Structure formats: structure tokens, C-alpha cells
Amino acid sequence: MKHKVTRAAGTGFTHLVLGGYTLLALFPILLVIINSVKSKEGIFDSPLSLPTAETWSLVGFEKVLAKSPFIHFFGNSLTVTLVSLVLILVLGAMAAWALSEYKFRGSKLLAIYMAFGIMVPIRLGTVSILELIVKLELTNTLTALILVYVAQGLPLAIMILGEFIQQVPKELKEAARCDGVGEFKIFFQIILPLIRPAVATVAVFTMVPIWNDLWFPLILAPGEETQTVTLGVQQFIGQYVTDWNAVLASLSLAVLPVLVMYVFASRQLIRGITAGAVK
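Going by the working numbering, the sequence shown opens with residue 299, and the numbers climb by one from there.
As C-alpha cells, this is what we get:
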């Protein structure tokens, strides 16, 4: 009986800590959303309070959607993120399959080289990347951003997916080969469905840095036609005057894709994280 009480108390304390951390993590997002539907006076007078009849205002969303090319910026971010994500997941899974399944000369060195891609921040090579993009005549194009983000996300994707692919029973793959199933069918019809939690984990961990990045859009694609959401928000921030209604409204709209992505991938994400912890 005493053991059950102690266990219940420990579980309750764990839930309390996790609940407190959840509130702490969500508080900035809720604060931005709440203040995005308030007037400027309401934002400065009571930033922590809910909007009232006097402070309720959608002027920020009107400015963002009607008087600025925010939809175009949003489309640029969505295009760059989705294309980069698909390429990272497909190429990363195929590379992880090759490195974990087929042993060849230099495979270990190649795996170590991929590990360096995780340890060394890609921003250290910004100057070299910019020179390369200029030589390829890709400045102010979404292609430049996609190439950089794919190079940035592949090492982590290969390492995570490779660990999960190694856990797939060899007997399953050998049985498929004995039945005459080709390597591509084994990969797409057997391996990928079994590592869906890992794919969802990589997708979430890869999408957030790409969507939130300001560094490379500012350097490689600062033109108005290629600006992303994070860069487009800067137009509402001035040296002397900042339109906080528009800033908060644009940030509220920008956070929606990440929340939607997490809602749809949360179950697979949790399964992937817990599976990695068990290993």
C-alpha cells in the first residue's frame, strides 16, 4: 500500500512538472496571439490580460493581409519548407538505408563525414556558401534557400533514420529478397512504413529551424519577390517606430503551420522519441 502511494505521488509530481513546463513553453505563443487581437493601447496598458470590448481590434491582421505582401511571403516560406522537407526525408532515408544496409569501402568514413555535418554549424560557411550561390547565379531565388536547407538537414536525418533502419529485423528483408522483391520495393514498401515515427520526428525537428530561419533568407534571398515570412515581418519593425499590431498579427499567422504540423505528427513524434529513448 505504501509503495502504491509513493508511486502515485511520484507520478503526480512528474505530471505537475511536465504541466508546468508545458505552460511555460506555450506562454509566449499565447501572449503573442492574445495581443495580436488587441489595439495598440491595449497591448501597452495590459499586455497580460485578455482582450476586452474596448481593446479588441483586428487592425493588425488588416494591415498584414490587405496592405502588405504577407501572403506572398507566406507562400515563399511554405514552398521552401515543404520542398526542403520532402528532399531531406526522401534523400536522407535513402542514404540512411544505403549506409546501414550495404557495407562498402569508405562507408564508415562517409558516416563520420555526415556526423561532422551535425557538429559543425552550417552558418560558419556563410561566406563560402554566398560565393558559391553567386557563381551559380542563384542569388534572390528560392532554389538557393532550398539547397542550403537540404544540406543543413541531411546529416541529422541520415543519423536518426539510420539508427531506426538498423532496428528492422534482417529476416524481414531477407524474406522479401527470397520472394524476388527488388531493393526499391523493399525500401518504399517495407522499410519506410516501419520507420514512420522516425520520419515524423525528423520532419518536425527539420521544419522548425527552416521555417523560423532569418539568417540565410537575409543573405541569399533578400529581394522582395523571394522574402520569407521571418524576413517579411521585419518591414513592420523600424528604427524609431514599430507597428506592434502588424508584428504580432504576422507572428500569429506565421506560427500556425508549425502548430498544425505538430498536431498531425504528434503521435508519431512521441513514438519516435520514446523509441529512441528505449534504444
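All C-beta atoms in this analysis are idealised placements derived from N, C-alpha and C, irrespective of residue type, glycine included.
Small disclaimer: the values here were computed from a predicted structure and weren't measured.
Cβ neighbour criterion (16 or more within 10 Å) applied to residue i
i	result
TYR447	buried
GLY480	exposed
ALA410	In the sequence as displayed, the identity of residue 410 is Ile instead of Ala. The residue is exposed, with fewer than 16 neighbouring Cβ atoms inside 10 Å.
PHE311	exposed
ALA575	Below a pLDDT of 50, predicted positions are generally treated as unreliable, and ALA575, at 42, falls in that range; no measurement from the model is reported.
LEU557	exposed
VAL384	exposed
LYS577	Note on LYS577: pLDDT 46, under 50, position unreliable in the model; no value is reported.
ILE463	buried
ALA364	exposed
CYS487	The residue asked about is misnamed: residue 487 is Gln in this sequence, not Cys. With fewer than 16 Cβ atoms within 10 Å of its Cβ, GLN487 is classed as exposed.
SER548	buried
SER398	buried
THR304	exposed
THR504	buried
Proximity winner among the options, relative to residue i (alpha-carbon distances)
i	options	result
ALA393	GLY451, SER550, SER334	GLY451
PRO491	LEU459, PHE359, PRO555, ALA544	LEU459
PHE368	LEU551, TYR560, MET559, ASN510	LEU551
TRP542	SER337, VAL561, ALA442, ALA364	SER337
VAL561	LEU397, HIS313, ALA544, ALA501	ALA501
VAL362	GLN464, LEU407, GLN533, GLY317	GLN533
ARG421	VAL381, GLN525, MET559, LEU516	LEU516
ARG494	VAL506, LEU512, GLU461, PHE514	GLU461
THR441	PRO555, PHE325, THR309, VAL381	VAL381
GLY373	THR526, MET559, LEU389	THR526
GLY521	LEU454, VAL553, LEU376, PHE371	PHE371
LEU389	ALA449, VAL531, LEU324	ALA449
Whole-Å CB distance - residue i paired with residue j, under 8 Å assumed
i	j	result
ILE327	ASN333	That belief does not hold up - the Cβ atoms of ILE327 and ASN333 are roughly 11 Å apart, past 8 Å.
VAL466	ILE444	In fact, because the Cβ distance is near 30 Å, the residues do not count as touching under 8 Å.
THR439	ALA519	7 Å
LYS471	ILE484	6 Å
VAL378	ILE508	7 Å
LEU546	VAL330	6 Å
THR528	ASN510	6 Å
For a minimum of 4 consecutive residues, which ranges assigned as the alpha helix (DSSP H) are wholly contained in the region 440–485? Taking only runs of at least 4 residues, the alpha helix (DSSP H) segments lying wholly in the region 440–485 are 440–463, 468–476.
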